[in-house]
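Take a look at the structure below.
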Amino acid sequence: MPHTPPLSSPATLDHLDALDAGLLDAVINGAARLTPAQAIKLYHQMPLSELGRWADARCRRLHADHIRTYVIDRNINYTNVCNARCTFCAFRRDEGDSDAYTLSHETIHQKIAELVAIGGTQILMQGGMNPALPLSWYTELLTSIKSKFPRVHVHAFSPPEMIEFVHFFDPPGATLEDKVRWVLVRLKDAGLDSLPGGGGEIFADPVRRKIGLGKCDAESWLTVMHAAHSLGMFTSATMMFGHIEGPADRVHHMDMVRSWQDKSLARRDDARAGTTSPHGHYVSFISWPFQRENTPLGRVPDWGADERELAQEFPGDAVARAWAFGAAGSDQRGAPAGQRAADVFNYDAMDRSAYPTANLFGKRVRMSGSTDYLRTQALSRLYLDNIYSIGASWVTMGPHIGQVALAYGANDMGSVMMEENVVSSAGTTYCLDEPVLCHLIRGAGHLPAQRNNTYDILKIHSDASSPDLRVTDWSAHRARKMHQQAPKQSKVALTVASAGATNG
Ligand code: SF4
């Protein structure tokens with residue numbers, strides 16, 4: 209059973225300043241939760257090391273001091289054919305491209321066999337949104353995996369894929385949630401165990417419509433997870449930041465996750481009381497900065513490349529201010545996120561006169577570096593008081609920032625990674641084996657422990673037989689380049705330059 213902080217619905221202490229130690233004491237003890245305004249102020253004004261100390265204190269309160277975890281899984285990207293055109297993506301291909309692929313079931317079985325041979329316990333299987341694959345392709349794949357590898361946990365099909373399954377398979381149902389549930393029931397019966405949080409990016413509507421061309425909106429994404437939770441399934445949530453958005457958009461994203469998690473935890477508690485059937489929830493959150501290499505969005509100029517821009521407001525901040533979530537650090541629309549049907553903002557119709565840089569929205573990027581990553585991750589630990597696990601993103605940030613992230617609120621180092629094709633297409637090259645992951649965790653002052661998908665501990669590495677403590681020659685265990693299924697090449701046209709037809 210996944211571990212989750214209890215649903216305590218702590219009060220917000222709006223009258224306290226974000227930098228007030230009394231407020232943060234209450235937050236790390238689970239007695240108060242941050243408001244969006246307080247979170248935005250913390251992001252902008254709290255020194256990084258201090259923010260890290262508070263996030264670490266909250267992490268230690270939930271996970272104690274000694275154990276930090278990892279999982280042995282394998283990313284399997286079953287197809288790169290995709291009918292969306294996300295501008296941050298270097299992975300997708302059109303059907304018919306010379307390097308387009310869809311893996312056969314037999315190839316996927318072979319990859320899982322290799323995983324099992326090194327002690328792996330789960331696969332993370334995601335792909336492009338490929339209209340050529342019928343529902344039977346997925347159900348037969350899942351059935352065959354469970355037949356050959358009954359102990360392997362299948363963590364697969366992110367919300368954007370699920371939404372396209374609804375479009376491709378036209379299931380019965382009066383609402384989107386009904387249709388998603390119809391598909392999910394069939395996948396779950398065939399062997400799907402849980403859903404990954406891919407495709408979260410940034411939930412804020414103006415940002416999402418600029419970068420996620422053809423990908424589902426935030427409400428659909430959250431509805432898929434809500435449907436999965438209603439079937440007793442556990443899911444994760446993600447955020448990709450450091451592109452065209454402002455920090456207020458990141459806080460809004462976390463706010464949506466927290467609000468919808470509140471609803472799922474309430475139903476979980478109803479289920480425990482015997483009034484409803486078992487209910488799932490989010491078990492983890494992981495965030496990472498946008499990787500620009502080979503992507504259309506990566507060719508967008510950096511904000512401040514022309515120094516005169518730096519005296520003005522970053523376009524993403526201007527638009528966040530205009531759609532009010534980040535205005536003066538508060539949500540001026542009243543209702544908490546998660547109680548609104550959707551956060552829709554008409555960027556095309558906004559009054560540009562009060563936001564002089566808004567016309568550059570989507571035409572400038574503000575990339576994140578290591579410190580912005582650590583700041584954002586630390587904030588996520590403090591804001592997401594109802595999410596058990598915060599993952600460090602060494603895949604994108606590199607092993608050593610991943611290690612440092614354990615002191616900035618992360619309790620989990622993610623996966624020993626045999627293969628990854630999506631972010632590595634955009635320039636990431638890190639690949640770590642189990643001894644290195646354990647070495648990094650131990651070097652950060654913790655005991656490494658292998659976990660499963662639901663964060664149960666499988667092995668604690670405390671003695672001389674530990675994977676890292678058996679190594680005598682580290683030269684064979686350095687971070688190395690990942691295997692890629694497809695060669696690097698971008699086939700996505702740059703479409704963010706126009707605010708009109710390309711806006712969504
Ligand atoms: S990121 Fe977007 S374009 Fe790339 S594979 Fe996923 S849905 Fe398709």
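For the sequence shown, the working numbering gives the first residue as 209, with consecutive numbering after it. No residue lacks a Cβ here, since even glycine has one placed at the ideal position from N, Cα and C. Nothing here was measured: the structure is a model prediction, and the numbers come from that model.
Is the beta carbon of residue i less than 8 Å from the beta carbon of residue j?
i	j	result
Gly260	Leu582	yes
Phe498	Phe296	yes
Val360	Ile410	no
Leu648	Gly610	yes
Arg269	Asn291	no
Pro455	Tyr251	yes
Lys249	Ala219	no
Gly381	Asp457	no
Ile363	Asn661	Looking at the sequence provided, one finds His at residue 363 rather than Ile. It is a contact, given that the beta carbons lie within the stated cut-off.
Val573	Leu505	yes
His437	Ser467	no
Asn594	Asp470	yes
Ala519	Tyr563	no
Tell me the rounded alpha-carbon separation between residue i and residue j.
i	j	result
Lys423	Tyr346	20 Å
Leu242	Leu231	8 Å
Phe376	Thr443	23 Å
Met433	Thr680	45 Å
Arg417	Val279	34 Å
Leu343	Pro509	41 Å
Gly606	His669	23 Å
Gly488	Thr431	13 Å
Glu258	Ala265	11 Å
Glu427	Ala229	35 Å
Ala240	Arg529	26 Å
Tyr663	Asp556	44 Å
Thr579	Leu256	8 Å
Pro339	Tyr596	35 Å
Val235	Ile419	34 Å
Arg560	Met447	28 Å
Arg678	Leu666	19 Å
Thr503	Gln658	34 Å
Val465	Ala445	7 Å
Quick one: grab the DSSP three-state call for residue i.
i	result
His252	helix
Tyr581	helix
Trp496	strand
His685	helix
Tyr346	helix
Thr149	It is not possible to answer for residue 149, since the shown part of the chain is limited to 209 through 712.
Ala240	strand
Val360	coil
Asp559	coil
Val508	coil
Val679	coil
Ala226	coil
Could you name the residues of the same chain whose beta carbon sits closer than 8 Å to that of residue i, not counting the 5 residues immediately before and after it, in chain order?
i	result
Thr484	Arg475, Asp478
Val374	Leu384, Lys387, Val388, Val391
Phe365	Met333, Gln334, Tyr346, Phe373, Leu395, Leu400, Leu403, Pro404
Ser576	Phe449, Gly450, Pro497, Phe498, Thr584
Val459	Pro244, Ala247, Ile248, Tyr251, Phe533, Gly534, Leu587, Tyr591
Leu439	Arg389, Leu392, Val393, Lys396, Gly488
Within a Cβ cutoff of 7 Å, which residues of the same chain sit near residue i, ignoring the five residues on either side of it in sequence?
i	result
Glu517	Trp511
Asp222	Thr243
Tyr286	Thr310, Leu311, Ile316, Met333, Gly335
Asp274	Per the sequence shown, the amino acid found at residue 274 is His instead of Asp. Around His274: His654, Leu655.
Ala435	Glu385, Val388, Arg389, Leu392
Met558	Ala530, Ala566
Asp641	Val624, His685
Val612	Leu582
Under 8 Å between C-beta atoms, does residue i make it to chain B?
i	result
Ser597	Of the chains in the structure shown, none is chain B; there is only one protein chain.
Near residue i, what residues of its chain come up, given a Cβ to Cβ distance below 6 Å and the 5 sequence neighbours on each side ignored?
i	result
Ser623	Val279, Asp281
Pro368	Gly407, Lys423, Cys424
Trp429	Pro367
Glu303	Val289
Ala263	Ala586, Arg589, Leu590, Tyr616, Gly617
Gly542	Caution applies to Gly542, whose pLDDT of 39 falls short of 50 and renders its modelled position unreliable; the value that the coordinates give is listed next. So the list is empty, once near-sequence residues are dropped.
Ser217	none
Glu224	Strictly speaking, residue 224 in this sequence is Leu, with Glu absent from that position. Taken in chain order, the residues that qualify are Leu231.
| request: Pick out the complete alpha helix (DSSP H) segments inside the segment 587 to 672, 4 residues or longer, and give them in chain order. | output: You should have 602 to 605, 607 to 613, 642 to 651.
| request: Tell me the start and end of each unbroken beta strand (DSSP E) in the segment 270 to 338 that is at least 3 residues and wholly inside, in chain order. | output: The qualifying runs are 275 to 285, 330 to 334.
| field | Every unbroken beta strand (DSSP E) within the segment 375 to 460, with a cutoff of 3 residues, ordered by chain | value | Counting only runs of 3 or more, we get 442 to 449.
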